[in-house]
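A quick write-up on the structure given underneath.
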Amino acid sequence: MDEREWVATMTTQQERKTVGILIFADVEVLDFCGPFEVFASTRPLGIHDDQQQLFNVVTIAEHADTVSCRGGLLVKPHFTIDEHPSLDILVIPGGAGTRREVMNQQLLAWIARQHLHTTFTTSVCTGAFLLAELGLLDQHRATTHWGSIARMQQSYPAITVLDDARVVDEGHLITSAGVSAGIDMSLYVVALLYGVDVAEQTARSMEYDWHTRENVAR
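Sequential numbering of the sequence shown, starting at -6, is according to the working numbering.
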């Protein structure tokens, strides 16, 4: 057994980290599909076997009903907020639906509970508004979609909102700018956990030109 085969054998189902991606009505499609593709595509360095993923990736919604995303894409969630596996990473995407979900106390309470146990709680685009509403971003730096920067600054003055970073790393909390920035944020998380080489391998497998290391506020 060579070294690559040994690494693949050691990457068992039990060792995989679980990524939970929240979805809701009118969620921006690439906000959640981009991170899903990144985490689902990540393998140990030099391994391309589909059975050797480093992450289990699941979608989670408030209810089991099919979710109608922006543009009409219909997605059946894997789990609901009442029953799902323990999460290592939480991804909160954005989209027009966040204007409604920011007032959804049941969903906000669920996010707060998950944040107590995750390694990383992350947001894409206007998903940051849900974290902001909970006060989790107070006294932190954060970012969101460029078109919502001013609204976040006005609504949540305790947050230092950055308009010049694609990804903002505040340790447990990582926020990203709009839409495609969620791909960069997810690759950045892969790099934090498994190294830049693994993240670059993932980006190559997606044929994605990854430049986020040059535009991360740490």
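Just so you know, even glycine gets a beta-carbon here, dropped at the ideal spot from N, CA and C. This structure is a prediction, so every number in the text was calculated from the model and none was measured.
DSSP state of residue i mapped onto helix, strand, coil
{"i": "Val22", "result": "helix"}
{"i": "Glu126", "result": "helix"}
{"i": "Asn49", "result": "strand"}
{"i": "Glu(-4)", "result": "Low per-residue confidence applies at Glu(-4): pLDDT is 42, beneath 50, and the placement is therefore not dependable enough to give any value."}
{"i": "Ala54", "result": "strand"}
{"i": "Ala170", "result": "coil"}
{"i": "Thr35", "result": "coil"}
{"i": "Thr4", "result": "At Thr4 the pLDDT is 48, less than 50, meaning the model places this residue with poor confidence and gives no usable figure here."}
{"i": "Leu180", "result": "helix"}
{"i": "Gly15", "result": "The sequence as given places Leu at residue 15; Gly does not occur at that position. It is a strand residue."}
Option in the options with minimal Cα separation from residue i
{"i": "Arg211", "options": "His204, Ser173, Val160 and Gly171", "result": "Val160"}
{"i": "Pro150", "options": "His133, His165, Ala57 and Leu83", "result": "His133"}
{"i": "Ser116", "options": "Ser34, Phe29, Ala170 and Thr153", "result": "Ala170"}
{"i": "Leu186", "options": "Trp139, Thr35, Phe17 and Phe29", "result": "Thr35"}
{"i": "Ala174", "options": "Leu66, Asp202, Arg92 and Arg144", "result": "Asp202"}
{"i": "Gly120", "options": "Thr59, Thr112 and Met96", "result": "Met96"}
Residue i, enclosing beta strand (DSSP E) - first and last residue
{"i": "His163", "result": "According to the sequence displayed, residue 163 carries Glu and not His. Counting along the chain, the beta strand (DSSP E) containing Glu163 begins and ends at Val160 to Glu163."}
First through last residue of the alpha helix (DSSP H) which encompasses residue i
{"i": "Thr59", "result": "Note, Thr59: premise wrong, no alpha helix (DSSP H); not H, not E."}
{"i": "Ala196", "result": "Val189 to Ser198"}
Check whether the stretch 87 to 104 and the stretch 116 to 129 touch, using three or more Cβ-Cβ pairs below 8 Å as the test.
yes
Quick test of the definition: if touching needs 3 or more C-beta pairs under 8 Å, does the stretch 38 to 46 touch the stretch 62 to 72?
no
In chain order, which continuous runs of the alpha helix (DSSP H) of length 4 or greater are located wholly inside the stretch 61 to 137?
-> 91 to 94, 98 to 108 and 121 to 126
For this session: Report yes or no: do the stretch 73 to 86 and the stretch 12 to 23 share at least 3 C-beta pairs separated by less than 8 Å?
Result: yes
Tell me, please, whether the stretch 177 to 186 touches the stretch 131 to 146 by the rule of three or more beta-carbon pairs shorter than 8 Å. no
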